[in-house]
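Data block below; observations after.
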Amino acid sequence: MARVLVGVKRVIDYAVKIRVKPDKSGVVTDGVKHAMNPFDEIAIEEAVRMKEKKLASEIIAVSCGPPQAQETIRTALAMGADRGIHVEVAGAEYDTLQPIHVSKILAKLAQDEKADIVIVGKQAIDDDANQTAQMTAAVLDWPAGTFCSKVEHGSGELTITREVDGGLEVIKVKTPAVLSADLRLNEPRYATLPNIMKAKKKPIKKVSPKDLGVDTAPRIDIISVEDPPVRQAGSILPDVDALVAKLKEGGHI
Amino acid sequence: MIRVSKYISQTPKCLNKFIEINSRCLATQASPKTVKADEKKPAQKPAKESQSFTMNIFRGQLQPNQVFPYPEPLTEEQRETIVMLMDPMQKFFEEVNDPVRNDDESSINEKTSAALWELGAFGLQVPVEYGGAGLTNTQYAAGVEIVGANDLGVGITLGAHQSIGFKGILLFGNPEQKAKYLPRVTEGREYAAFCLTEPTAGSDAGSIKTRAVKSADGSHYVLNGSKIWISNGGLAEIMTVFAQVPVTDPATGKTKDKVTAFIVERSFGGVTNGPPERKMGIKCSNTAEVYYEDVKIPAENILGQEGEGFKVAMNILNNGRFGMAAALSGTMRSCIKKATDFATQRLQFGQRIDSYGTIQEKIARMSMVHYVTESMAYMISGNMDNGSQDYHLEAAISKCFASESAWNVCDESIQIMGGMGYMKGTGLERVMRDLRIFRIFEGTNDILRLFVALTGIQYAGSHLQELQRAFQNPTANLGLLVEEATRRATRAVGLNSSPNFSHLVHPELLESAALCAKSIQSFGQAIEAALVKYKRGIVNEQFILNRYAQAAMDTYAMAVVLSRATMSLNKNLPSAAHELLMAQAWCAEASGRVAYNLNVASAGKHLDIFSKFGKISRNVCESGGIVQSNPLNL
Ligand SMILES: Cc1cc2nc3c(=O)[nH]c(=O)nc-3n(C[C@H](O)[C@H](O)[C@H](O)COP(=O)(O)OP(=O)(O)OC[C@H]3O[C@@H](n4cnc5c(N)ncnc54)[C@H](O)[C@@H]3O)c2cc1C
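Here is the structure:
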C-alpha cells in the first residue's frame, strides 16, 4: 500500500473580495478569512479515497506557511489525513516563497517520509502558478500526472485520465509519481464536526526549510501589486439608433 | 413592614409549582465553581444567596457577577475550533439544505438528513469520546446561530433531538446510561425526543397522567399513557419520557404519585405514534402523538431518581433555553439583512426609502432587539460555561425576549419590503410562520413571565423573612440588622441609595448605567411594597406579576447591553461606536418602560383598569365570544 504525501496551501477564501494594500506591496491578508486551496481539498479527498479503498496506508498533509497554516493542516486531518507536517515559513520569507522552493521542500519530504505518491492541487487560487507538481516531479526525477480527472490503480502503476485542451488524455505512470488534482477529480467531503474534534489529537510535526536543507532565498522581487482596472460604468440606451451612434462615436464601427 | 414575610413563608401550593423550577440548574460542560460562603449568615436556615442578576433586582440590589464583565469563556483553541466548525455548517446550508423544499414537502428528505448526521450536527455537545463534537455552550450557541439564520424547521429537528431529547442523559445520566445511549444518538444516527406534554397537561406539566409502575421483582417498570405534540415523535428511537410513579415516602410511609424520568427505547415494544401533525410552520420538523402501551422499561433506565422527574424536566428545559436565543439571533440577522438590502435600493417618491424616518426607526429597533438578544444568548452561555448555576431566570427571559423580538423583527422586515415582503419568494413569510411556535413551546412566554416574577418575588420574600428572624435574635445578627437599617434609612431620607455601576461600565455609558441603577432601585421598592400590600395573595395577581416580569426583562436587558457595549468600547472594536448608540438608545427607552410598568402595577387608576379587564373577559367568556352585536344591531 502506498504512502501518500499531499500538499495543502492556506489561501484567502474564494468568497472574499480581495483588497490590495495601499502601498501596493501585496494584498490585505490580516483579518481576512482564509481556507484550504480548493484544488488541494480535491487532492486530500483523492488520498482519503485511496485509503478508504485500502490502496493507501498513510496520508501525510504538508503545508508551507505562517503559523496559521496549521489550521489548514487541521482541516486536512479532519478530512482524513493521518498526520501533518508544518514547514514554517513566515513574514517576508513567505511573501517571496515560490513554487520552486515548495517543490524542493515537498521533494525532500517525499524522500524522508518514503512517500509513494505525492498529490498537490493543480494550482493555488491566490498565485495561479500551476508549477509545483511539475517541479516536484522534476526534482525527484519521478513521473508526473498533471491535471488528473481520474486516477486508477494498477500494481506499481497508475492509469491517469488528464484534462487537456479539447478532451481527455489517458496515460500510465509508474509509481512513485507526482500527481496534480484537477477540478473534476472528485467532490471533496466536508470535514465533519466529530472529525474536526478528533483531528486535534493527530500529530503535526513542525520543521523549517533549513531543517530540510532547502534554501528559500527569494528568486523574485515584488515590484507592484495592482487592482485590475475598474470596469467603466455602463449605460442603458433607448434604442438601436442610439447604440449605433454611440458605437460610431467611440470609433468601434 | 417586616411582618409580611410571615405570609410569604407559607407559600401557597400554586406558587410552589412555579418555583419548584427554581432548583439550581446544572450546566453541561462545566463544573460548578465553589461559591464563597456568606460570612454574615444568621444562625437559622439562611436565604440562599443567588448570583443571579435578575433574582437580586427583586431586592433592589445589583449583583454584577454574572453580568460584568461580559463573559469571554472561549480559550484560543476553543475559538479556533468553532471557527473551523462553522465552515462546514455554513456549507451544508448553502449547498445541501433547501428550506423552501423542506417547508413545501413538510419533511427533511433522506439526503439532507443524512448530510446532517454525517456533519455531526445532531451531537454538538456530546463528548467526543461518545461520538459528538464536545462543544461548550458558547460554541454551541455559535453553531445554532447559523442554523437559525437558515432553517428553523431543521433547527427544531436538531434541537428536539439534542437540546431536549437526550439532554437528560447528558445532565443526569449515570456512566452506564451515557456509554450506552450517547453513541447511539450520535454515530448510531438514532433520533431522540423529549416526551412531556399530554392532552390534559401542557403548561401544567406536573399534572401528567402517563404512569409507570414497578414490577413486583423490581426489575422493570410498566409504562402506560400517551403524549401529544412531541417533536421527532414519529422518528425517535430513544425518548426521555416523563411519567407518574407511585413513590413511598420513607418518613411517613405514605405512597404518592411523583413524576419520574425514563429513557425509553421504541424497541422495548408497545411504543407507537400518530401521523405527523399538520402545522403553521416548522413544517419539516416532525411533530406527533406518542402512545405507550404496557411498555416494559428496565429498572436501570430511570433517569435521575424516582420522583425527581419534574426537576429533571425543568433542568433540561432551563439548560437549553439560551440555544433558542442564539438561534433566533441568527434568524433576526438574516431578516435584517433582507430588509436593509431592500431599503437601501428601493426608491419611492424619488428617494431611497431608508432615508425616511419611519423606515429608520424600524431598522434601528430591529437592530437593537437583535443586539439585546444576541448579547443575552452569549452572556448566558458564557456564564454556564464558567460554571454558573443561577441562570434560570435569565434563560427564561432570553427565551421570551428572543421569541418576541424575532417575531417583531420578521414582521417589520416584511413591512419594510411592502408587497415584496408578502411574496413567498422573498422567504420571509416562511420565517414568520416558523417563528410563531417559539413563543409557545418549551414553556409559553406567559408561563415563563410568571415564573420570572414569582421566583424573584419569592427570593425577595425569603430575604425579608431572614430579616424577621434576625429581629427575633438581634444580638446574634447585629451585622445584618445594621446593614438593613442603613439601607432603609438612606432610602427614607432620600439619599442616593441606587446601586452604583460606575466601576463596571465604560465612561461613555455612565448616564445609561444610571438609568439602569434607578430601575433596579425602584424595582426593589415596588416589590417590597407589593409584598406588604398583597402578602401571599400576590401569586394570584397576574396583571401585576406580568408588569413586574416585563420590568425585570427590561432591566436585565439594560444591564446586558451595558456590559456588551462596555466590552466593545474597551476593546475599541470597529463597531464600538455603533454599539454605544444602541446601548444608549436601549437604556433610555427601557428605563422609561420600567418606570411605567412599575407605576401601572401600583397606581390606583391602573388597578381599576385591571379589574375592568377581568370583568370584560368574564363577560366575553360567559357569552362565548363578543358580547354586543354590531352597530346596526344585526
Ligand atoms: C410544534 C410543537 C412542538 C412541540 N414539541 C414538544 C416536545 O417535543 N415535547 C413536549 O413535551 N412538548 C412539546 N410541545 C408542547 C408544548 O410544549 C406545549 O404546547 C406548551 O407547553 C403549552 O402547553 P399547551 O399547548 O397545553 O397550552 P396550555 O397549557 O393549555 O396553555 C394555553 C394558554 O394558557 C396559558 N396558561 C396556562 N396556564 C396558565 C396560568 N396558570 N396562568 C396564566 N396563563 C396560563 C398559556 O400561557 C397559554 O397561553 C410542542 C408543541 C408544539 C405546538
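Sequence lines, in order, name chains A and B. Using full-length UniProt numbering, the first residue of the first sequence is number 1, and each one after it goes up by one. Using full-length UniProt numbering, the first residue of the second sequence is number 1, and each one after it goes up by one. Just so you know, even glycine gets a beta-carbon here, dropped at the ideal spot from N, CA and C. Keep in mind the model is a prediction, meaning the values are calculated, not measured.
Kindly indicate which residue of B:102, B:231, B:606, B:299 has the alpha-carbon position closest to the one of residue 214 (chain B).
Residue 214 (chain B) sits at position 214 when you count from the first residue of the second sequence. Among B:102, B:231, B:606, B:299, the Cα nearest to that of residue 214 (chain B) belongs to B:299.
### Message
Give me the residue from B:199, B:200, B:170, B:197 with the minimum Cα distance to residue 186 (chain B).
### Response
Working through the second sequence from its first residue, we reach residue 186 (chain B) at position 186. Here the closest residue by C-alpha is B:170.
**Request:** Check distances from the C-beta atoms of the segment 177-209 of chain A to those of chain B and list, in chain order, the residues that come in under 7 angstroms.
**Result:** 190, 191, 192, 193, 194, 196, 197, 198
**Prompt:** In chain order, what residues of the same chain have a beta carbon less than 8 angstroms from the beta carbon of residue 588 (chain B), not counting five sequence neighbours either side?
**Reply:** Numbered from its first residue, the second sequence carries residue 588 (chain B) at position 588. For residue 588 (chain B), where only same-chain residues beyond five positions count, the Cβ hits under 8 angstroms are 512, 515.
Terminal residues of the continuous alpha helix (DSSP H) containing residue 244 (chain B)?
Residue 244 (chain B) sits at position 244 when you count from the first residue of the second sequence. Per DSSP, residue 244 (chain B) belongs to no alpha helix (DSSP H); it is in the beta strand (DSSP E), 238-248.
Would you call the segment 293-313 of chain B in contact with the segment 236-256 of chain B, where contact means no fewer than 3 C-beta pairs closer than 8 angstroms?
yes
- Item | Neighbourhood of residue 413 (chain B) by C-beta, 8 angstroms cutoff - its chain only, sequence neighbours within 5 removed | Locating residue 413 (chain B) in the second sequence gives position 413, counting from the first residue. Within the same chain, residue 413 (chain B) has close Cβ partners 335, 336, 338, 339, 366, 421, 428.
| said: I need the boundaries of the alpha helix (DSSP H) containing residue 257 (chain B), first residue and last residue. | reply: By one-based count along the second sequence, residue 257 (chain B) stands at place 257. Unbroken run through residue 257 (chain B) is the beta strand (DSSP E), 255-265; no alpha helix (DSSP H).
**Request:** State the Cα-Cα distance for the pair residue 201 (chain B) and residue 33 (chain A), rounded to the nearest angstrom.
**Result:** Counting from one through the second sequence, the residue named residue 201 (chain B) turns up at place 201. Counting from one through the first sequence, the residue named residue 33 (chain A) turns up at place 33. Those two C-alpha atoms are separated by around 50 angstroms.
Notebook entry, point to check: Does DSSP classify residue 294 (chain B) as helix, strand or coil?
Noted result: The residue labelled residue 294 (chain B) in the question sits at position 294 within the second sequence. Of the three classes helix, strand and coil, the one that applies to residue 294 (chain B) here is strand, per DSSP.
- request: Can you check the segment 421-453 of chain B for any alpha helix (DSSP H) of at least 4 residues that lies completely inside it and give the ranges in chain order?
  value: 428-436
ask   = At a CB-CB cut-off below 9 angstroms, which residues of chain B make contact with residue 71 (chain A)?
value = As a first step, residue 71 (chain A) must be located in the first sequence, where it is residue number 71. What residue 71 (chain A) touches in chain B: 80, 83, 84.
| field | Helix, strand or coil at residue 49 (chain A) according to DSSP, with G and I counted as helix | value | By 1-based counting over the first sequence, the position of residue 49 (chain A) is 49. In this structure, residue 49 (chain A) counts as helix in the three-state DSSP scheme.
inquiry  = Does residue 14 (chain A) pass the burial test, meaning 16 or more other C-beta atoms within 10 Å, or should it be called exposed?
reply    = Within the first sequence, numbered from 1, the residue matching residue 14 (chain A) stands at position 14. Its Cβ having fewer than 16 others within 10 Å, residue 14 (chain A) is exposed.
Item to complete: With a 10 Å radius around its C-beta and 16 neighbouring C-beta atoms as the bar for buried, classify residue 217 (chain B) as buried or exposed.
Response: Locating residue 217 (chain B) in the second sequence gives position 217, where the first residue counts as 1. Residue 217 (chain B) should be labelled exposed.
Assigned secondary structure, residue 181 (chain A) (DSSP; H/G/I helix, E/B strand, else coil) = Here residue 181 (chain A) corresponds to residue number 181 of the first sequence, with the count starting at 1. In this structure, residue 181 (chain A) counts as strand in the three-state DSSP scheme.
Name the residue from B:56, B:57, B:69 whose alpha carbon lies nearest to the alpha carbon of residue 503 (chain B). Here residue 503 (chain B) refers to the residue found at position 503 of the second sequence. It is B:69 whose Cα lies nearest to the Cα of residue 503 (chain B).
* To do: Pick out the complete alpha helix (DSSP H) segments inside the UniProt domain "ACAD9/ACADV-like C-terminal" (507-625) of chain B, 4 residues or longer, and give them in chain order.
  => 510-534, 542-571, 576-600, 604-622
Review point. Near residue 409 (chain B), what residues of its chain come up, given a Cβ to Cβ distance below 7 angstroms and the 5 sequence neighbours on each side ignored?
Key: As a working note, residue 409 (chain B) is residue 409 in the second sequence. If we look at residue 409 (chain B) and ignore the five residues flanking it on each side, its Cβ neighbours are 332, 335, 336, 366, 369, 370.
Could you check whether the Cβ of residue 310 (chain B) sits closer than 7 angstroms to any heavy atom belonging to ligand 1?
The residue labelled residue 310 (chain B) in the question sits at position 310 within the second sequence. Residue 310 (chain B) Cβ: outside cutoff for every heavy atom of ligand 1.
Within 8 angstroms (strictly less), CB to CB, does residue 74 (chain A) reach chain B?
As a working mapping, residue 74 (chain A) is identified with position 74 in the first sequence. Yes, its Cβ sits closer than 8 angstroms to a Cβ of chain B.
TODO: Taking 8 angstroms as the cut-off, decide whether the C-beta atoms of residue 297 (chain B) and residue 268 (chain B) are in contact.
DONE: Within the second sequence, the letter at position 297 stands for residue 297 (chain B). Within the second sequence, the letter at position 268 stands for residue 268 (chain B). Closer than 8 angstroms, so yes.
Item to complete: Using 10 angstroms around the beta-carbon of residue 417 (chain B), count the other beta-carbons present and answer buried if the total reaches 16, otherwise exposed.
Response: Translated into positions along the second sequence, residue 417 (chain B) becomes position 417. Buried.
* Start-end ranges of the alpha helix (DSSP H) lying completely within the segment 98-159 of chain B, minimum 4 residues -> 99-105, 110-119, 137-150, 152-159
Exercise. Would residue 552 (chain B) pass as a contact of residue 406 (chain B) if the rule is Cβ separation under 8 angstroms?
Worked result: Counting from 1 along the second sequence, the entry for residue 552 (chain B) is found at position 552. Counting from 1 along the second sequence, the entry for residue 406 (chain B) is found at position 406. Going by C-beta atoms, residue 552 (chain B) is not nearer than 8 angstroms to residue 406 (chain B).
Span separating the alpha-carbon of residue 31 (chain A) from that of residue 141 (chain B)
The residue you call residue 31 (chain A) lines up with position 31 of the first sequence. The residue you call residue 141 (chain B) lines up with position 141 of the second sequence. When rounded, the distance between both Cα atoms is 22 angstroms.
query = Is residue 279 (chain B) near ligand 1, with its Cβ less than 7 angstroms from a heavy atom?
reply = The residue given as residue 279 (chain B) occupies position 279 in the second sequence. Residue 279 (chain B): yes, Cβ under 7 angstroms from ligand 1.
- Query: Under 7 angstroms from any heavy atom of ligand 1, does the C-beta of residue 441 (chain B) make it?
  - Reply: Position 441 of the second sequence holds residue 441 (chain B). For ligand 1, at least one heavy atom lies less than 7 angstroms from the Cβ of residue 441 (chain B).
Under 7 angstroms from any heavy atom of ligand 1, does the C-beta of residue 202 (chain B) make it? Residue mapping note: residue 202 (chain B) aligns to position 202 of the second sequence, counting from 1. Yes; taking the cut-off as 7 angstroms, the Cβ of residue 202 (chain B) has a heavy atom of ligand 1 nearer than that.
Q.
Check whether chain A comes within 8 angstroms of residue 120 (chain B), counting only Cβ atoms and requiring the distance to be less than that.
A. For the purposes of this step, residue 120 (chain B) is taken as residue 120 along the second sequence, with counting starting at 1. Cβ-Cβ to chain A under 8 angstroms: yes for residue 120 (chain B).
Check: By a C-beta neighbour count over all protein chains shown, 10 Å radius and 16 as the cutoff for buried, is residue 52 (chain B) buried or exposed?
Finding: Locating residue 52 (chain B) in the second sequence gives position 52, counting from the first residue. So residue 52 (chain B) ends up on the buried side.
Should residue 133 (chain B) and residue 197 (chain A) be called a contact, given that it needs their Cβ atoms to be closer than 8 angstroms? Here the question's residue 133 (chain B) lines up with position 133 in the second sequence. Here the question's residue 197 (chain A) lines up with position 197 in the first sequence. Yes, these two residues count as a Cβ contact at 8 angstroms.
Notebook entry, point to check: Going along chain A, which residues have a C-beta under 9 angstroms from residue 131 (chain B)?
Noted result: Start at 1 with the first residue of the second sequence, and residue 131 (chain B) comes out as number 131. 194, listed in chain order.
By the criterion of Cβ-Cβ separation under 9 angstroms, what are the contact partners of residue 91 (chain B) in chain A?
-> Position 91 of the second sequence, counted from the start, is the residue given in the question as residue 91 (chain B). Per Cβ cutoff of 9 angstroms: 190.
Worksheet item: Is there a Cβ from chain A that is less than 8 angstroms from the Cβ of residue 158 (chain B)?
Response: If you number the second sequence from 1, residue 158 (chain B) lands on position 158. No, its Cβ sits nowhere closer than 8 angstroms to a Cβ of chain A.
Q: To the nearest angstrom, report how far apart residue 455 (chain B) and residue 194 (chain A) are at their CA atoms.
A: The residue given as residue 455 (chain B) occupies position 455 in the second sequence. The residue given as residue 194 (chain A) occupies position 194 in the first sequence. Roughly 39 angstroms separates the two Cα atoms.
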